[in-house]
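The structure under discussion appears below in the form of structure tokens.
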Ligand SMILES: *Cc1c(COP(=O)(O)O)cnc(C)c1O
């Protein structure tokens, strides 16, 4: 475990304990310099030649390969682009085309709302009488029946960190003939994921959380290699075409997962992400996970011993929990604001969760204990009880 933490690879402000890398990862050190080069040397000097000379056009697949390693996917099975909401839509649209005779999409009511919103919009515009079912997460496995065309779930719950049984659910979906889509938004870079062993058809995720790609960094999509040459993309943009620069009037899907590209890639954002991914060099997810469990177990112990008013919302069993810990408290919004002012950055999720992410790349045991001391101070001395902390900002 000697290689963790790697705080020196991050540009974190002095005096801050950053427990929100599950929402927006911090700035890795090399990124600013790499972006500077991309702007001046590539965009500035190469101009249009950058597409070839700086290999901007290959970047979505190149960066996809770096992410593939972190989710147990083979080379050539992942591309980046767009936002996660768009990638959810693409995966679901292609999955539904694989099961034209079935009309049910199964998700759960703990899913991140945009996944459900995108599904609703897609099903409405298909106009073929599909139904979106959202039972509670604990009831999902039993709701996987032969009516289900697609099971679309987020592995780690964004509020509580609760984890679905990744293997059992995929197996059940396949046993009834349904297509499986996993959203790895809170898994990629947080918990070990093995897409090859899991055998799900699709996975999607974002890169600005545990992968530290920066605000608005592009999302990723994985398509299982054996079906990648037959899935039909609904967002059939020119850069997912077999030969974009032939400018044919008819669409022919590109090779394998490349067909999930849509339009011009966000080169600056992708460059930031590409550089940010180098902080994972030489690390295994097993190592990260082991440290993450140690840190979150310590955090739970410290906070429960110090703060009787907080109730654990996350699963107590670390194997059933992702890389975050949430506590419930009636004034959790104000408590989080009080903590932020004292250098402990977590966040609030409606209705009452105080959420803390554990990212062993730059958080260590000392940070955990110090954070628990500050939380104790805020709780024991009611420091949250201040009108300035109760006015809600647009982004919580
Ligand atoms: C963070 C997150 C999103 C965000 O979607 P964007 O389109 O990138 O804004 C979507 N789904 C899940 C499950 C998330 O955790």
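Residue numbers (my numbering): 96 to 491.
Virtual Cβ for every residue (Gly too), placed ideally from N, Cα, C.
- Residue burial annotation: residue 188 is buried, with at least 16 other C-beta atoms found within 10 angstroms of its C-beta.
- In terms of Cα proximity to residue 175, the closest of 196, 335, 275 and 191 is 335.
- Scanning the region 186-270 from its first residue to its last, the whole beta strand (DSSP E) runs of 3-plus residues come out as 199-201, 226-228 and 243-249.
- With a cutoff of 7 Å on beta-carbon distance, residue 124 and residue 107 are scored as not near each other.
- Every unbroken stretch of the alpha helix (DSSP H) spanning 4 or more residues and falling wholly within the region 374-414 is given here in chain order: 380-401.
- Assignment of residue 305 by DSSP, reduced to helix, strand and coil, places it in the coil class.
- Residue state for residue 314 is assigned as strand, using DSSP reduced to three classes.
- For residue 102, same chain residues with a beta-carbon under 7 Å away, outside a window of 5 residues either side, are 457 in chain order.
- Residue 242 and residue 442 have their C-alpha atoms spaced approximately 39 Å apart.
- In the displayed model, residue 362 falls within a helix according to three-state DSSP.
- With 16 or more other CB atoms across the displayed protein chains lying within 10 angstroms of its CB, residue 319 is buried.
- Within its own chain, the residues whose Cβ lies closer than 6 Å to the Cβ of residue 184, once the five positions on either side in sequence are excluded, are 213 and 217, listed in chain order.
- Per DSSP, the beta-bridge partners of residue 421 are 450.
- Taken through DSSP and simplified to helix, strand or coil, residue 281 comes out as coil.
- Distances from the alpha-carbon of residue 304 to those of 368, 476 and 342 put 368 closest.
- By the Cβ rule, the region 153-161 does not count as touching the region 283-299, because fewer than three pairs are nearer than 8 Å.
- Around residue 378, the same chain offers 98 as residues with beta carbons nearer than 7 Å, after the five sequence neighbours per side are excluded.
- Listed in chain order, the non-local C-beta contacts of residue 173 below 6 Å within the same chain comprise 159, 162, 163, 315 and 317, local neighbours out to five positions each way being set aside.
- Judged by beta-carbon spacing, residue 421 lies within the 7 Å limit of residue 450, meaning their Cβ atoms are closer than that value.
- Judged by the Cβ position, residue 253 qualifies as a neighbour of ligand 1 at the 6 Å threshold, a heavy atom of the ligand being closer than this.
- Membership of residue 429 in the alpha helix (DSSP H) is indicated by the continuous run 427-436.
- For the pair residue 433 and residue 479, the CB atoms are nearer than the 7 Å cut-off.
- By the criterion of at least three beta-carbon pairs nearer than 8 Å, the region 349-356 is in contact with the region 322-338.
- Here the alpha carbon of residue 382 sits roughly 38 Å from the alpha carbon of residue 227.
- When distances are taken from the beta-carbon of residue 153 to the heavy atoms of ligand 1, even the shortest one reaches 6 Å or more.
- Rounded to the nearest whole angstrom, the C-alpha separation of residue 426 and residue 235 is 31 Å.
- In the displayed model, residue 152 falls within coil according to three-state DSSP, outside both helix and strand.
- By the neighbour-count criterion, in which 16 or more other beta carbons inside 10 Å mark a residue as buried, residue 148 falls on the exposed side.
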